[in-house]
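Participant: The following block contains the structure, expressed as structure tokens.
Structure follows, in structure tokens:
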């Protein structure tokens with residue numbers, strides 16, 4: 001009600017809040033004016049709903065902005081005549097007036113107009129109790145037509161996702177509570193606040209959607225898995241970015257991009273390491289590594305994001321692959337050592353106490369294919385573990401050989 005917006009009783013900031021809240025949560029917004037649409041009315045809508053918007057701040061394409069003109073000065077009543085009136089108003093007057101209409105249509109592409117006749121003198125009297133039978137017949141006829149239109153089942157099929165996603169009353173309350181301190185600020189566009197909430201909701205939905213799709217790709221792996229994931233990520237961002245709107249759109253696009261880049265790189269890392277672990281097992285670890293590593297190394301070019309992202313992802317793979325390699329190499333050396341000791345005499349086993357260090361030095365060598373700073377530290381740590389295990393095994397084997405020799409002597 002434009003009279004309520006300009007009553008001189010409330011601050012402009014509160015009017016901004018009331019207008020923005022009611023518009024953001026409505027599929028129909030009715031702007032009640034008298035006699036005709038004036039520039040003041042358009043400026044009021046601009047000030048309360050469009051000011052401080054960047055043209056894409058809000059998506060009110062699902063909202064119908066309805067000008068209800070009471071006591072219309074002409075006799076062309078009803079929605080059809082109202083539509084013609086709106087089209088004429090957009091073209092007439094000064095350039096400033098036409099510009100206001102252009103800005104209004106950018107935010108509200110669905111604008112309607114209902115010119116109504118005067119309801120009759122009965123409605124102006126203090127004793128009027130609201131009896132519709134006392135109102136003029138032509139007024140009631142137009143109201144009846146309007147109600148039949150607005151409550152037509154076809155027009156009531158509001159989309160599930162209105163201006164934002166589905167919002168509950170509690171969520172609206174939380175938004176108002178969050179921005180309580182800025183409501184009196186007439187520089188705040190309340191529709192922008194709701195749009196920012198909508199961006200956050202869309203971000204949550206898109207992140208969940210990306211992770212769900214990524215699970216499917218990870219389940220259906222193929223030889224060109226990294227390139228497929230990379231292509232999927234680029235397509236996903238291309239389709240998702242336009243969904244964010246307003247001044248905060250760039251910020252939310254950046255957050256989404258960082259999220260999908262991180263998740264994509266993790267998926268590629270896991271694929272490469274899974275491939276590596278399936279090959280690096282059993283014996284001939286070094287030979288198997290030399291066979292598979294160049295191929296897997298080339299797959300690291302599929303990492304996405306900035307150069308720092310790509311380098312960090314590659315370093316993670318190389319580091320974890322180094323850990324796998326040295327553990328598997330250590331395991332292979334231990335198995336060979338145990339098998340060899342069992343076939344040796346007690347005297348030959350005893351010689352290992354002075355020679356097992358050389359055995360480790362010969363077989364457990366630093367692999368410089370893993371070109372990360374941590375490579376040597378990983379190798380040294382595993383080497384110490386291997387030395388301890390070899391010595392422990394050597395002692396167990398020697399004690400077992402001694403028991404066997406003692407038993408043989410008794411017999």
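Numbering (full-length UniProt numbering), first residue to last: 1 to 411.
In this text, a Cβ means the ideal position worked out from N, Cα and C, and glycines have one as well.
#1: Would you decide whether residue 339 is buried or exposed? Buried here means 16 or more other CB atoms lie within 10 Å of its CB.
#2: On the CB-based measure, 16 or more other CB atoms within 10 Å of its CB, does residue 219 come out buried or exposed?
#3: So if DSSP puts residue 64 in a beta bridge, which residue, or which two residues, is it bridged to?
#4: What separation, rounded to the nearest whole angstrom, lies between the Cα atoms of residue 342 and residue 399?
#5: Using a Cβ-Cβ cutoff of less than 8 Å, which residues in the same chain neighbour residue 334 once the five nearest sequence positions on both sides are dropped?
#6: Using the DSSP secondary-structure output, state which residues sit across from residue 294 in a beta bridge.
#7: In its own chain, which residues sit with a C-beta less than 6 Å from the C-beta of residue 202, not counting the 5 before and 5 after it?
#8: On a CA-only basis, which of 265, 90 and 271 is nearest residue 98? Give me that one, please.
#9: According to the neighbour-count rule (16 or more other Cβ atoms, all chains shown, within 10 Å of its Cβ), is residue 267 buried or exposed?
#10: Count the other CB atoms, across all protein chains shown, that sit within 10 Å of the CB of residue 291; report buried if there are 16 or more and exposed otherwise.
#11: Taking 8 Å as the threshold (C-beta atoms), are residue 264 and residue 311 in contact?
#12: Can you tell me which of the three DSSP states residue 359 falls into?
#13: In the DSSP assignment, find the beta strand (DSSP E) that holds residue 113 and state where it starts and stops.
#14: Near residue 276, which residues of its chain fall below 7 Å by C-beta distance, leaving aside the five closest residues on each side in sequence?
#15: State the CB to CB distance for the pair residue 300 and residue 284, rounded to an integer number of angstroms; the pair is presumed to be in contact (CB under 8 Å).
#16: Can you give me the Cβ contacts of residue 255 inside the same chain, cut-off strictly under 8 Å, excluding the 5 residues immediately before and after it?
#17: Once DSSP output is grouped into helix, strand and coil, what is the label at residue 245?
#18: Tell me the DSSP secondary structure of residue 37 in three-state form.
#19: Find out if the Cβ-Cβ distance for the pair residue 35, residue 78 is shorter than 8 Å.
#20: Hey, would you say residue 64 sits closer than 8 Å to residue 19, going by beta carbons?
#21: Kindly indicate the opening and closing residues of the alpha helix (DSSP H) around residue 311.
#22: By alpha-carbon positions, which one of 42, 93 and 260 ends up nearest to residue 305?
#23: Taking the straight line between their C-alpha atoms, what separation do you get for residue 347 and residue 395?
#24: According to the Cβ coordinates, are residue 245 and residue 174 closer than 8 Å?
#25: Can you list, in chain order, the residues of its chain whose CB lies under 7 Å from that of residue 404, leaving out five sequence neighbours each side?
#26: Classify residue 365 as helix, strand or coil using the three-state DSSP reduction.
#27: Residue 247 to residue 40, Cα distance in whole Å?
#28: Roughly how many whole angstroms lie between the Cα atoms of residue 209 and residue 319?
#29: So what's residue 70 in DSSP terms, helix, strand or just coil?
#30: When burial is assigned at 16 or more other CB atoms within 10 Å of the CB, is residue 294 buried or exposed?
#31: So within the segment 71 to 153, which uninterrupted beta strand (DSSP E) runs reach at least 3 residues, ignoring any that extend past its ends?
#32: Around the Cβ of residue 153, are there at least 16 other Cβ atoms within 10 angstroms (buried) or fewer (exposed)?
#33: Sorted by chain position, which residues of the same chain lie with C-beta nearer than 7 Å to residue 364's C-beta, five sequence neighbours on each side aside?
#34: Just how far apart, CA to CA, sit residue 100 and residue 32?
#35: Only counting the same chain, and skipping five residues up and downstream in sequence, which positions put a Cβ closer than 6 Å to that of residue 369?
Facilitator: The relevant details are as follows:
#1: Classification for residue 339: exposed.
#2: Its Cβ having fewer than 16 others within 10 Å, residue 219 is exposed.
#3: DSSP lists 28 as partners of residue 64.
#4: If you take the alpha carbons of residue 342 and residue 399, they lie about 12 Å apart.
#5: The beta carbon of residue 334 sits closer than 8 Å to those of 386, 389, 390 and 393, all from its chain and outside the five residues before and after it, given in chain order.
#6: In the DSSP output, where bridge partners are listed per residue, residue 294 has none listed.
#7: Once the five neighbours on either side are set aside, the close Cβ partners of residue 202 are 243.
#8: The candidate whose alpha carbon is nearest that of residue 98 is 90.
#9: When all chains shown are included, residue 267 counts as buried.
#10: With fewer than 16 other Cβ atoms from the protein chains shown falling within 10 Å of its own Cβ, residue 291 counts as exposed.
#11: No. Outside cutoff.
#12: Helix.
#13: According to the DSSP assignment, residue 113 belongs to the beta strand (DSSP E) that extends over 111 to 115.
#14: Around residue 276: 292, 296, 321 and 324.
#15: Contact flag wrong, Cβ pair sits at about 24 Å.
#16: If we look at residue 255 and ignore the five residues flanking it on each side, its Cβ neighbours are 203.
#17: When DSSP states are grouped into helix, strand and coil, residue 245 belongs to the coil group.
#18: When secondary structure is reduced to three states using DSSP, residue 37 falls in the coil class, being assigned neither helix nor strand.
#19: No, they are not a contact pair.
#20: Their beta carbons are not under 8 Å apart, which means residue 64 does not touch residue 19 by this criterion.
#21: Taken as a continuous stretch (DSSP letters only), the alpha helix (DSSP H) holding residue 311 covers 307 to 342.
#22: Closest by alpha carbon: 260.
#23: Computed Cα separation, rounded: 13 Å.
#24: Cβ distance not < 8 Å, so residue 245 and residue 174 don't count as in contact.
#25: Leaving aside the five residues that flank residue 404 on each side, none in its chain has a CB nearer than 7 Å to its CB.
#26: Coil.
#27: Distance between the alpha carbons of residue 247 and residue 40: 27 Å.
#28: Per the coordinates, the alpha-carbon of residue 209 lies some 31 Å from the alpha-carbon of residue 319.
#29: In the three-state DSSP reduction, residue 70 falls in the strand class (E or B).
#30: Exposed, because fewer than 16 other Cβ atoms sit within 10 Å of the Cβ of residue 294.
#31: Within the segment 71 to 153, the complete beta strand (DSSP E) segments of 3 residues or longer fall at 111 to 115, listed in chain order.
#32: Result: exposed.
#33: Setting aside the 5 residues that flank it on each side, residue 364 is surrounded in the same chain by 329, 330, 333, 383 and 386, each with a C-beta closer than 7 Å to its C-beta; the list follows chain order.
#34: C-alpha separation (whole angstroms): 18 Å.
#35: Cβ within range, chain order: 293.
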